[in-house]
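A.B. asks: Residue numbers (numbering that gives the first Met the number 0), protein chains in the order written: chain A, 0 to 274; chain B, 0 to 274; chain C, 0 to 274; chain D, 0 to 274. Ideal placement from N, C-alpha and C gives every residue a C-beta, glycine not left out. All figures in this text were calculated on a predicted structure; none of them were measured in a lab. Have a look at this one.
Protein chains: 4
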Amino acid sequence: MVIVIQCTDKVGLVATIAGLLQEQELNIVSMREHVDSIQNRFYARVEINKTIDAAILETQLKFVLPPDAEVIVNPNPLKKILLLVTKEYHCLSDILIRNHFNTLGAEVLGVVGNHATLGDICRRFDMPFHFISHEGISKEAFEAELSSEVNKYVPDYIILAKFMRILSPSFVEKYPLQIINIHHSFLPAFIGANPYKQAYERGVKLIGATAHFVTNQLDEGPIIAQQIISVNHSFTTTHMVKAGKEIETAVLAKALQLVFDDKVLVFQNKTVVFE
Amino acid sequence: MVIVIQCTDKVGLVATIAGLLQEQELNIVSMREHVDSIQNRFYARVEINKTIDAAILETQLKFVLPPDAEVIVNPNPLKKILLLVTKEYHCLSDILIRNHFNTLGAEVLGVVGNHATLGDICRRFDMPFHFISHEGISKEAFEAELSSEVNKYVPDYIILAKFMRILSPSFVEKYPLQIINIHHSFLPAFIGANPYKQAYERGVKLIGATAHFVTNQLDEGPIIAQQIISVNHSFTTTHMVKAGKEIETAVLAKALQLVFDDKVLVFQNKTVVFE
Amino acid sequence: MVIVIQCTDKVGLVATIAGLLQEQELNIVSMREHVDSIQNRFYARVEINKTIDAAILETQLKFVLPPDAEVIVNPNPLKKILLLVTKEYHCLSDILIRNHFNTLGAEVLGVVGNHATLGDICRRFDMPFHFISHEGISKEAFEAELSSEVNKYVPDYIILAKFMRILSPSFVEKYPLQIINIHHSFLPAFIGANPYKQAYERGVKLIGATAHFVTNQLDEGPIIAQQIISVNHSFTTTHMVKAGKEIETAVLAKALQLVFDDKVLVFQNKTVVFE
Amino acid sequence: MVIVIQCTDKVGLVATIAGLLQEQELNIVSMREHVDSIQNRFYARVEINKTIDAAILETQLKFVLPPDAEVIVNPNPLKKILLLVTKEYHCLSDILIRNHFNTLGAEVLGVVGNHATLGDICRRFDMPFHFISHEGISKEAFEAELSSEVNKYVPDYIILAKFMRILSPSFVEKYPLQIINIHHSFLPAFIGANPYKQAYERGVKLIGATAHFVTNQLDEGPIIAQQIISVNHSFTTTHMVKAGKEIETAVLAKALQLVFDDKVLVFQNKTVVFE
Chain A
0 MVIVIQCTDK VGLVATIAGL LQEQELNIVS MREHVDSIQN RFYARVEINK TIDAAILETQ
60 LKFVLPPDAE VIVNPNPLKK ILLLVTKEYH CLSDILIRNH FNTLGAEVLG VVGNHATLGD
120 ICRRFDMPFH FISHEGISKE AFEAELSSEV NKYVPDYIIL AKFMRILSPS FVEKYPLQII
180 NIHHSFLPAF IGANPYKQAY ERGVKLIGAT AHFVTNQLDE GPIIAQQIIS VNHSFTTTHM
240 VKAGKEIETA VLAKALQLVF DDKVLVFQNK TVVFE
Chain B
0 MVIVIQCTDK VGLVATIAGL LQEQELNIVS MREHVDSIQN RFYARVEINK TIDAAILETQ
60 LKFVLPPDAE VIVNPNPLKK ILLLVTKEYH CLSDILIRNH FNTLGAEVLG VVGNHATLGD
120 ICRRFDMPFH FISHEGISKE AFEAELSSEV NKYVPDYIIL AKFMRILSPS FVEKYPLQII
180 NIHHSFLPAF IGANPYKQAY ERGVKLIGAT AHFVTNQLDE GPIIAQQIIS VNHSFTTTHM
240 VKAGKEIETA VLAKALQLVF DDKVLVFQNK TVVFE
Chain C
0 MVIVIQCTDK VGLVATIAGL LQEQELNIVS MREHVDSIQN RFYARVEINK TIDAAILETQ
60 LKFVLPPDAE VIVNPNPLKK ILLLVTKEYH CLSDILIRNH FNTLGAEVLG VVGNHATLGD
120 ICRRFDMPFH FISHEGISKE AFEAELSSEV NKYVPDYIIL AKFMRILSPS FVEKYPLQII
180 NIHHSFLPAF IGANPYKQAY ERGVKLIGAT AHFVTNQLDE GPIIAQQIIS VNHSFTTTHM
240 VKAGKEIETA VLAKALQLVF DDKVLVFQNK TVVFE
Chain D
0 MVIVIQCTDK VGLVATIAGL LQEQELNIVS MREHVDSIQN RFYARVEINK TIDAAILETQ
60 LKFVLPPDAE VIVNPNPLKK ILLLVTKEYH CLSDILIRNH FNTLGAEVLG VVGNHATLGD
120 ICRRFDMPFH FISHEGISKE AFEAELSSEV NKYVPDYIIL AKFMRILSPS FVEKYPLQII
180 NIHHSFLPAF IGANPYKQAY ERGVKLIGAT AHFVTNQLDE GPIIAQQIIS VNHSFTTTHM
240 VKAGKEIETA VLAKALQLVF DDKVLVFQNK TVVFE
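Structural data, given as structure tokens:
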């Protein structure tokens with residue numbers, strides 16, 4: 000069972016938390032604590048060896064901790080997620096496979112595509128697929144349909160698994176720190192469109208991918224994970240796109256695993272990742 | 000200031016440690032705790048925000064912790080080390096440079112070589128160099144001379160920075176968990192002599208290096224750090240040796256930094272590394 | 000179009016090959032040549048900018064090259080492959096996905112499993128699955144059934160995508176340099192069974208996977224690709240197996256791409272990989 | 000002996016080069032050829048097994064190749080280099096060590112510093128150090144002094160080993176493709192000053208370093224090599240600077256080795272690296 004806490008730092012927080020757990024004969028099998036001295040902020044992740052009533056423990060912890068403490072006691076290891084996709088299959092397929100074989104660490108509730116392309120692969124896994132076209136309607140109307148679908152499922156997280164539409168601030172604000180995107184560059188290099196074309200033209204020797212929470216600054220949300228892959232002069236933009244898909248798949252899978260394991264804490268525009 | 004603790008696990012150890020620190024108004028700025036459930040063993044590393052009397056705190060912690068607890072409160076961030084070398088310059092030079100510019104995180108007391116080759120580079124850094132030849136004398140006599148030199152310096156650690164003699168059990172036993180070696184292979188592959196020749200003949204695509212504590216099992220001591228580097232068909236044994244030197248230098252530097260930062264705990268034949 | 004050549008080295012081989020291509024107005028867009036001076040062996044891979052009659056060009060090249068020259072002019076970029084599996088889904092699923100979306104660079108003809116477990120995922124991709132149990136019959140009889148299935152398909156390569164039976168010399172000899180295996184360790188470390196358990200017990204800081212051609216020395220065939228992933232004290236054997244699956248999937252995918260792109264030349268127990 | 004060629008592409012270039020070498024009974028032990036189809040440009044690097052008169056061979060090759068061909072026959076494997084430094088020791092020391100032990104693949108002629116700080120380490124290696132202060136004089140006057148020093152030595156390459164002054168266009172133009180810089184970020188991310196501070200504020204999970212030729216676009220010259228290192232929430236700007244030094248040292252060493260081995264060809268704003 001996992002406990003995740005963040006609050007303004009002060010002396011004695013670890014003692015307070017550990018004391019409360021000791022009273023209930025709960026053993027801490029793994030603990031990570033970090034204080035950001037510049038922000039004066041306390042972050043902790045605690046794994047205990049028993050599964051007890053999460054709501055009660057959460058209440059108890061909030062009672063003894065400072066008023067601004069955010070406390071999450073993981074009541075259910077299986078997060079529920081909704082995927083938003085466009086036409087590219089690689090991230091979606093990887094997630095569907097893991098979901099199908101119960102190794103994702105989360106449950107995929109359904110998939111929404113703004114093109115019909117990926118409906119077939121979803122059906123092969125008996126996964127609900129909803130085609131919501133963005134064509135011929137306003138962004139507002141498109142996002143209203145999206146929201147309606149999201150609200151049917153009430154997912155813990157919305158994963159943009161190569162969803163190629165920019166979401167409006169009003170949509171993003173509805174799901175704070177719940178939307179995770181995979182961006183096809185090593186942010187902050189190559190912000191915006193066609194990062195592989197930019198990378199080709201610059202003649203870089205590494206390309207990357209970045210998984211991050213979506214906020215209302217384009218490509219500027221808190222970064223969860225980044226990885227790179229080597230490229231060289233023999234790579235055209237097309238080859239870079241192909242190599243990039245491998246790393247996009249890998250880094251999104253890694254980021255999701257960290258999030259599903261409650262290892263990612265967010266404060267302002269940064270993450271603390273207790274890897 | 001750093002506190003490192005290991006002992007048999009039981010409920011309440013974190014509470015005990017954190018409680019004692021809280022009483023003294025000490026703030027925990029970083030904490031790592033790990034329980035090995037198979038071994039039923041508790042490991043912790045705590046960073047606090049003040050420098051206080053280490054001996055007193057160590058005594059206090061031992062008083063409240065189980066009798067088998069090993070407690071180290073870092074009284075002095077600068078470890079003292081002695082280097083043993085043969086003829087290869089790369090690891091030695093890297094350490095001498097860092098020592099010279101005060102970025103090693105330790106103080107090099109001196110260098111002992113079983114060849115005179117590396118005396119010159121030591122002198123350029125005003126570093127004492129002692130030439131103790133192993134030729135024409137028994138291993139016993141050679142190691143007696145070595146020990147005599149070690150005992151003059153009383154180092155915290157003896158670093159085998161490409162020291163190409165196998166030390167006898169009786170020598171090793173005198174300095175338990177104090178001798179660190181860099182082995183030129185990705186252990187346990189290619190144990191023993193000429194690992195690069197073995198790697199060449201096997202046609203591997205990666206070669207590695209391993210930094211480990213020396214025990215009386217050849218190349219079998221607790222591993223601190225390992226890294227690899229890509230090789231291919233164009234590498235002869237000579238090229239592999241050259242590429243290997245880069246990775247040997249890097250992995251020894253990394254392992255030493257971990258040890259000097261009190262991030263490496265050892266139990267039986269394994270390490271816990273709170274990286 | 001790709002030309003792959005190996006033979007005993009002598010002066011003028013590049014001139015001979017390039018001269019023949021020039022006569023036919025074929026432009027070399029990429030060339031890799033390597034001479035192994037120890038073996039006195041010549042290896043080359045040439046990409047030309049047109050698709051012409053492969054059989055004729057092959058004959059012409061053999062006519063001008065030394066008698067021992069092995070010449071392959073790629074007549075068909077799409078290799079045909081058969082997969083052998085047991086119960087683990089990760090490598091199989093990755094290959095099926097790539098095959099389904101036509102990005103594998105090969106065509107999967109079918110899958111043979113010695114357990115029925117993976118039949119379902121194959122059916123979801125309309126992929127023929129043949130269940131051939133090894134239970135209750137002799138190894139000879141089991142392999143006769145396997146061979147019979149292989150011979151129906153006549154694949155270019157047989158991929159052991161986590162096939163957990165050791166094939167007999169007589170089976171392996173029928174398909175020289177046609178069988179590719181993914182081994183769940185960084186060979187030659189941890190040869191044989193339970194490499195992750197061995198890795199756990201040794202306390203290594205990296206684990207690896209190796210894709211190699213199968214010969215009659217167990218885990219000793221020519222290595223195509225190897226990769227590693229970091230592990231630490233918090234990994235039990237189970238966690239290592241899980242992390243290992245990621246790297247097994249990645250390294251097999253990479254090795255297959257190299258083979259399908261005709262970038263891997265084999266001589267005796269080693270590969271030349273023109274990556 | 001190494002031959003490096005680039006020119007506009009046409010059919011038959013490899014045959015022409017290889018034919019000329021064959022006539023002289025020269026064996027090609029390694030060859031890399033690449034055609035950039037977008038630029039219609041031919042690049043080749045050929046290693047031959049004998050050392051012959053470079054000037055004659057260069058003339059012969061130019062005679063048979065197109066008029067725009069740039070041909071370099073390596074007459075002398077040991078490039079001569081001059082180092083420009085400011086106050087940071089890490090890149091300089093690494094190069095001095097390799098130079099001292101004759102493994103740099105080049106000869107360091109001298110070091111110029113715009114601060115006196117690094118004079119001491121140079122003197123320890125009997126390396127000429129010239130202190131040219133930029134303070135109290137115009138940029139023009141400063142660079143005139145620099146040029147005067149460069150012209151005394153006539154180096155093949157000028158290495159900016161953490162030289163923290165931006166050179167003016169008129170200086171850079173004097174030494175086209177002869178100035179190599181190590182930039183402390185994964186370009187094009189974090190162009191300009193304080194990249195580690197920018198990286199810290201953005202909360203990236205990887206930081207990088209880039210070795211590149213200097214042109215008159217700041218941080219925009221042809222990239223030779225790039226590498227990255229993982230960072231996390233526990234890294235302050237200071238820790239990032241420290242980790243960055245390791246990767247700066249490594250990537251500059253790698254880039255220099257590639258350049259000294261005549262493996263880097265430059266055209267317009269990109270490199271072809273025959274690694």
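1. Chain C beta carbons: is any one of them nearer than 8 Å to that of A:Ile96?
2. Please go through the same chain and pick out, in chain order, the residues whose beta-carbon is closer than 8 Å to the beta-carbon of D:Asp93, but skip the five residues on each side of it.
3. Can you say whether D:Val63 is buried or exposed, counting buried as having 16 or more other CB atoms within 10 angstroms of its CB?
4. Whole angstroms is fine: what's the gap from A:Asn215's alpha carbon to A:Leu176's?
5. CB-CB under 6 Å to B:Lys79, same chain, minus the five flanking residues each way: which ones, in chain order?
6. Spatial neighbours of A:Asn39 within its chain, please: C-beta separation below 7 Å, excluding the five flanking residues on both sides.
7. Would you tell me roughly how many angstroms separate the C-alpha atoms of A:Tyr174 and B:Gln197, rounded to the nearest one?
8. Candidates D:Phe189, D:Glu142, D:Asn73: which alpha carbon is nearest D:Gly112's?
9. Flag this pair as yes or no: are the beta carbons of A:Ile178 and A:Phe124 separated by less than 8 Å?
10. Which residues in the same chain have their Cβ closer than 6 Å to the Cβ of B:Ile246, if we skip the five residues on either side of it in sequence?
11. Could you give the residue range of the beta strand (DSSP E) that holds A:Asp261?
12. In chain D, what lies closer than 8 Å to B:Arg123 by C-beta?
13. In terms of alpha-carbon separation, which member of D:Asn98, D:Gly135, D:Thr102 lies closest to D:His276?
14. Just the C-alpha distance for D:Pro127 and D:Ile96, rounded to the nearest angstrom, thanks.
15. Would you identify the three-state DSSP class for A:Asp93, choosing helix, strand or coil?
16. Report the rounded CA-to-CA distance for C:Glu144 versus C:Ile222, giving the unit in angstroms.
17. Jot down the residue ranges of each uninterrupted beta strand (DSSP E) in the stretch 119-146 of chain B, minimum 3 residues, whole runs only, in chain order.
18. To be precise: take each residue of the stretch 36-58 of chain D, compare its Cβ to all Cβ atoms of chain C, and keep it if any distance is under 7 Å. Which residues remain?
19. Name the one or two DSSP bridge partners that D:Ile51 has.
20. Decide if the stretch 31-47 of chain D is in contact with the stretch 15-30 of chain C; the criterion is three or more beta carbon pairs, one per stretch, under 8 Å apart.
21. Report the three-state DSSP secondary structure of B:Arg31 (helix, strand or coil).
22. What residues from chain A crowd round C:Ser233, counting only those whose CB sits closer than 8 Å?
23. Give me, in chain order, the residues of the same chain whose beta-carbon lies closer than 7 Å to that of C:Val3; leave out the 5 immediate sequence neighbours on both sides.
24. Just how far apart, CA to CA, sit D:Glu148 and D:Tyr88?
25. Need the endpoints of the alpha helix (DSSP H) that A:Lys275 sits in, please.
26. Mind listing, in chain order, the continuous beta strand (DSSP E) runs of no fewer than 3 residues lying wholly within the stretch 59-103 of chain A?
27. For the alpha helix (DSSP H) containing D:Ser184, name the first residue and the last one.
28. Between the stretch 15-26 of chain D and the stretch 8-24 of chain C, do at least 3 Cβ pairs fall closer than 8 Å?
29. When we look at the beta-carbon of D:Glu139 and count the other beta-carbons within 10 Å, is it buried (16 or more) or exposed?
30. Closest to D:Ala210 by C-alpha separation, out of D:Thr102, D:Cys90, D:His232, D:His129, would be which residue?
31. Looking only at its chain, what residues have a beta carbon closer than 7 Å to the beta carbon of A:Ala53, apart from the 5 residues adjacent to it on each side?
32. Counting C-beta neighbours from all protein chains within 10 Å, is the total for C:Glu46 16 or more, i.e. buried, or is it exposed?
33. By DSSP, does C:Thr235 sit in helix, in strand, or in coil?
34. Determine the chain B residues that contact A:Val10 at a beta-carbon separation under 8 Å, and present them in chain order.
35. Strictly by DSSP, which residues pair up with C:Ala198?
C.D. replies: Reading off the structure:
1. yes
2. Thr248, Leu251, Ala252
3. Using a 10 angstroms sphere on the CB of D:Val63, the tally of other CB atoms stays under 16, which defines it as exposed.
4. 11 Å
5. In the same chain as B:Lys79, and ignoring 5 residues on each side of it, the C-beta atoms closer than 6 Å to its own belong to Glu106, Leu108, Pro154, Asp155, in chain order.
6. Thr7, Asp8
7. Going by the C-alpha atoms only, they are around 56 Å apart.
8. D:Glu142
9. no
10. Ala208, Gln226, Ile228
11. Per DSSP, A:Asp261 belongs to no beta strand (DSSP E) and is neither H nor E.
12. Arg123, Phe124
13. What is shown of chain D runs 0 to 274, which leaves residue 276 of chain D out entirely.
14. 15 Å
15. A:Asp93: helix per DSSP, three-state reduction.
16. 28 Å
17. 128-130
18. Ser36
19. Per DSSP, none; premise fails for D:Ile51.
20. yes
21. strand
22. Those within 8 Å of C:Ser233 in chain A are Ser29.
23. The answer, listed in chain order, is Arg44, Ile71, Asp261, Leu264.
24. 21 Å
25. There is simply no residue 275 of chain A to check, as chain A begins at 0 and stops at 274 in what is shown.
26. 69-72, 78-84
27. From DSSP, D:Ser184 is part of no alpha helix (DSSP H); its letter is neither H nor E.
28. yes
29. The C-beta of D:Glu139 has fewer than 16 other C-beta atoms within 10 Å across all chains shown, which makes the residue exposed.
30. D:Cys90
31. Val72, Asn73, Pro74
32. C:Glu46 counts as buried, since at least 16 other C-beta atoms from the protein chains shown sit within 10 angstroms of its C-beta.
33. Secondary structure of C:Thr235 (DSSP, three-state): coil.
34. Ordered by position in chain B, the residues that pass the 8 Å Cβ test against A:Val10 are Gln21, Glu24, Leu25, Asn26.
35. C:Ala198 pairs with nothing; no bridge assigned.
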